[in-house]
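Beneath this line is the structure, given in structure tokens, with notes to follow.
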Amino acid sequence: MVKTCNCCRGHSGDYDEAKLRRCAGCQKVYYCSTSCQKEDWVYHIFHCKPSRPINTADYLARAVFENLLPEHPQTCDDYGFSRVFTAEEKSKLLGLYIGLIKVIKIPPKTIHGWRIRGALVDEIKATFYKIPERTRGGYFPWFLQNEHIIALAGQPLSEDMMHNYADEMMRSWPLSIANLARKKIVIFCMPFSYPSGAHTRISTSGLTSDSHRADHRKKNRYCVLNTSD
Ligand SMILES: [Zn+2]
Ligand SMILES: [Zn+2]
5 MVKTCNCCRG
15 HSGDYDEAKL
25 RRCAGCQKVY
35 YCSTSCQKED
45 WVYHIFHCKP
55 SRPINTADYL
65 ARAVFENLLP
75 EHPQTCDDYG
85 FSRVFTAEEK
95 SKLLGLYIGL
105 IKVIKIPPKT
115 IHGWRIRGAL
125 VDEIKATFYK
135 IPERTRGGYF
145 PWFLQNEHII
155 ALAGQPLSED
165 MMHNYADEMM
175 RSWPLSIANL
185 ARKKIVIFCM
195 PFSYPSGAHT
205 RISTSGLTSD
215 SHRADHRKKN
225 RYCVLNTSD
């Protein structure tokens, strides 16, 4: 492997190969500066030997910097992504966390602490209220109207929400209608959409799936739930 900075790959303005330092955690990668090391940590923590266990706030932070919805199921449960059903709402929720982690620069460790204390909603509010209103962006006002998403994060979805979710999925994937006719419910089972395991409990249109095995094809992100005859 070429010896270069694991963050800027030699492209930072004052890059100096002579200044490369090995990561003390894993001894496997190099950084040209502490700022490069800091910047890369959100990704590198997953490949290094961190001094603390990786938690779901770390997964959240990585998703934020990649600008992608988190896929890690527990992270989706912990941070509310399992409680929003539409792509639009999911991206608003991600937008809120982008503001918090990338713009305001709250470290994942801190966010993890808030969640463990059950103070995620209050701390998010306190953090945004500390900055001028014009710099808060559009996702914070959305959050104020939807704070239950985060307040109830991690709790099982109610029956109603499950039904709404199933309906949403049905609408968004016409193929599932065809499969319904064949007595199969095919649903998108994006790992970030359901509280872990909840998809096996879904019932819709009188077709129960409780006793059926979900063929959880993670790779394609959908499940086939065979319905009872
Ligand atoms: Zn660098
Ligand atoms: Zn390392």
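When you number the sequence shown by this note's numbering, it's gap-free, plus one each residue, and the end is 233. Every residue, glycine too, gets a C-beta built ideally from N, C-alpha and C.
- The Cβ-Cβ distance between Cys-11 and Cys-40 falls below 8 angstroms.
- Collapsing the DSSP output to three states places Arg-26 in a strand.
- Assigned with DSSP and collapsed to three states, Cys-9 falls in strand.
- For Gly-117, the enclosing alpha helix (DSSP H) starts and ends at 112-120.
- Here Tyr-35 carries a strand assignment [DSSP, helix/strand/coil].
- Checking the 7 angstroms criterion, the Cβ of Cys-36 is within range of a heavy atom belonging to ligand 1.
- Counted as a single uninterrupted DSSP element, the alpha helix (DSSP H) harbouring Phe-132 occupies residues 124-133.
- Judged by DSSP in its simplified three-state form, Phe-89 adopts coil rather than helix or strand.
- Cβ-Cβ distances below 6 angstroms link Ile-102 to Val-68 in the same chain, with the five nearest sequence neighbours on each side left out; the list follows chain order.
- Between ligand 1 and the CB of Cys-9, the shortest heavy atom gap is smaller than 7 angstroms.
- Cβ atoms of Pro-112 and Ala-61 come within 8 angstroms of each other, at about 4 angstroms.
- Distance check between Ser-37 and each of Phe-89, His-48 and Cys-9 places Cys-9 closest, using alpha-carbon atoms only.
- Here Thr-79 is near Leu-64, since their CB atoms are less than 8 angstroms apart.
- Beta-carbon to beta-carbon, Leu-104 and Ile-128 are separated by about 6 angstroms, close enough to satisfy the 8 angstroms threshold.
- Buried is the label assigned to His-48, since at least 16 other Cβ atoms lie within 10 Å of its Cβ.
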